[in-house]
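Numbering (our numbering), first residue to last: 13 to 703.
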């Protein structure tokens, strides 16, 4: 019974070992990283052998051996200054150089070589062999009280495991070589792309997008220094930059503060050693971008070294590097990716060196005087190369012919002005006396006759003056009558009284005459309270009843307008003052102006009614009908009034509506097409640019 149980335990242990070996074999075929592979393998080996602990040692070119991973190893073996660690390290070095698996008894060693196993455990060791040779050692701490057969089995098992680790090392080495080759290819492609264009924006976008691909991070941004502040000009994955967004503003602020500090910033979640200004800026940005790792590197002008001086960069001191001018910043962010600091920094340095020189060249190129113009001309040169030259020559010939024809082909030169249609016979009715409108006897559009009463005014003050003057006249007349009666009574007056009464009589008569004259003037003014039509015609004032009814008026105020629609008509044109020089020149030019039967000069006028714009009417503008002074119009500015006389044929067809809006073109001869189209532009340039 006991024998059967032992066999079952042995078989179970073998199955477990085979399972662990298969797991290690599967793990060795995977693309797992060393940081995950070594701990997993060591844990399985320790569990399979029921060992007390274990360690994986790797060769390090600088410091000898490096502990990749361990389980329950004595601290004395880790401390490099401890004598046990020194003797143990010498032992491991010899075992790795020998390249064969070995068993090292506890507390064994050699005083001559200084090698020793300072532990109370049996060391089961087997070297890790890569295609290039031994790279390390797998060490298992096993109990010393085990039979020789079991120790041989331990060694065989560990040897088998290290063979599987060797397979993983072989694949890992090939993968590293492939990755390194791919990285160099990407680096070479990145260098070609960032240096093939000297446009600043294109270069910055290339650095951001291709740099993100080379670094294998989440986001790369480029900022340039302008006016003491950093301006973000490119972000990977974005075609345009929204400078007003919170993210871009926070990133610009962070880049500005890093540039001012002059030192690179590497943020991995901790702000303990950062200055207060940088701490505030990085926290503000990380709160918006949620970045786990943020690197901000000031971009400096590359060193200008002499040709052939290959040691210049190697011999450059840190102080000299800092003295180089900062032209921008490179910002690298990790949000979801998890590259190690060393890997990230190495790739960032690669991008940084190319970015410095590419950005510097682009900025220097962009700062050349009139560079946008030279760049535009350079882009246009393709039209003069190869098969495009005949087409370009043909198009330029057509354009030149068109421009030349604009100066050679004549065209009607018309001066345009806005105006209105109105009867020639038109009178305004004024108020001759201050007063208040008592009654309006007509309305808009009424036909009126000459001397027909139109409006009745009232003036209470005038009526009172008439009554007062009438009373004074009556009083003076009564006094004169009394004095005459006294003079007619000869018996009652002495000679002296007669003379006195005669003087009083003369004074009373003179006073009566004065009052009579004053009364006549007042009555005459009273008659003017009724305003009458000066001509036969039509009331053209709109809504005259509503405007004048019960309205106070003053002397000289226009009450309404009366026009004779049956008489001659004219077009009053408001010609802008700036065009009058051409109008005066047309009158002086005998080839342009015409002469009628009375030897009066005139210019032809083309009239278009706004109410009937599809029909043209014609008229004449005589030189005396041109205003002598300019007036200020609220719509057209400074204008000169012109009176155009429509032709008889036009008068028969034209709409007889006073005040109708018209557009008049005064014919001023012929000028070149270029002058007619651009003379106002030339006048504006003369007045606003050259003056």
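The C-beta atom is built at its ideal place from N, Cα and C for all residues, glycine as well.
Excluding sequence positions up to five before and after residue 59, its CB lies within less than 8 Å of the CB of 32, all in the same chain and listed in chain order.
Partner residues in the beta bridge of residue 346, as assigned by DSSP, are 305.
Taking C-beta atoms as the reference points, residue 427 and residue 260 fail to come closer than 9 Å.
Apart from the 5 residues on each side of it in sequence, residue 137 sits with its Cβ closer than 8 Å to the Cβ of 104, 107, 113, 114, 115, 116, 149, 150, 151, 152 and 170 in its chain, given in chain order.
Residue 495 counts as buried, since at least 16 other C-beta atoms from the protein chains shown sit within 10 angstroms of its C-beta. Only buried fits residue 587, as 16 or more other CB atoms lie within 10 angstroms of its CB. Judged by beta-carbon spacing, residue 583 lies beyond the 9 Å limit of residue 455, meaning their Cβ atoms are not closer than that value. Contact annotation: residue 174 and residue 135 have beta-carbon atoms that are not nearer than 9 Å. For residue 693, the enclosing alpha helix (DSSP H) covers residues 685-697.
Contact between the stretch 622-638 and the stretch 563-570 is not established, with fewer than three Cβ pairs separated by less than 8 Å. Taking C-beta atoms under 8 Å as the contact rule, residue 681 and residue 604 qualify, at a distance of about 4 Å. Collapsing the DSSP output to three states places residue 668 in coil.
Between residue 591 and the set 421, 429, 441 and 412, the nearest pair of CA atoms involves 429. In this structure, residue 541 lies away from residue 693, with their beta-carbon atoms at least 9 Å apart. Residue pairing of residue 632 in beta bridges, as defined by DSSP: 616 and 657. Cβ atoms of residue 543 and residue 452 stay farther apart than 8 Å, at about 10 Å.
Closest in alpha carbon position to residue 125, among 281, 101, 176 and 142, is 101.
Minimum Cα-Cα distance from residue 54 among the listed residues 431, 42 and 69 corresponds to 69.
Taking the C-beta atoms as reference points, residue 491 is found no nearer than 9 Å to residue 531.
In this structure residue 358 is exposed. Its beta-carbon is surrounded by fewer than 16 other beta-carbon atoms within 10 angstroms.
The DSSP-derived three-state label of residue 236 is strand.
The shortest C-alpha to C-alpha distance from residue 658 to any of 572, 215 and 675 is the one to 675.
The DSSP-derived three-state label of residue 245 is strand. Counting other Cβ atoms within 10 Å of its Cβ, residue 129 reaches 16 or more and is therefore classed as buried. For residue 656 and residue 596, the gap between their C-alpha atoms comes out near 15 Å. Of the residues 615, 345 and 84, the one whose Cα lies closest to the Cα of residue 600 is 615.
Each of 393, 229 and 420 was checked against the Cα of residue 343, and the nearest Cα belongs to 229. Between residue 219 and residue 370, the CB-CB gap stays under 9 Å. Within the same chain, 425 come within 6 Å of residue 683 by CB-CB distance, once the 5 residues on both sides are set aside. The beta carbon of residue 258 sits closer than 8 Å to the beta carbons of 300 from its chain, once the five residues preceding and following it are set aside; these are given in chain order. A contact is defined here as three or more CB-CB pairs under 8 Å, and the stretch 274-282 meets this definition with respect to the stretch 290-299. Distance from residue 132 to residue 164 at the Cβ level is roughly 21 Å; contact not present, criterion being Cβ atoms closer than 8 Å.
A residue is called buried when at least 16 other Cβ atoms come within 10 angstroms of its Cβ; residue 622 does not meet this threshold and is exposed. Between residue 176 and residue 37 the beta-carbon gap is near 5 Å, inside 8 Å, which marks them as a contact. Around the Cβ of residue 202, a 10 Å sphere holds 16 or more other Cβ atoms; the residue is buried. Contact between the stretch 384-399 and the stretch 642-649 is not established, with fewer than three Cβ pairs separated by less than 8 Å.
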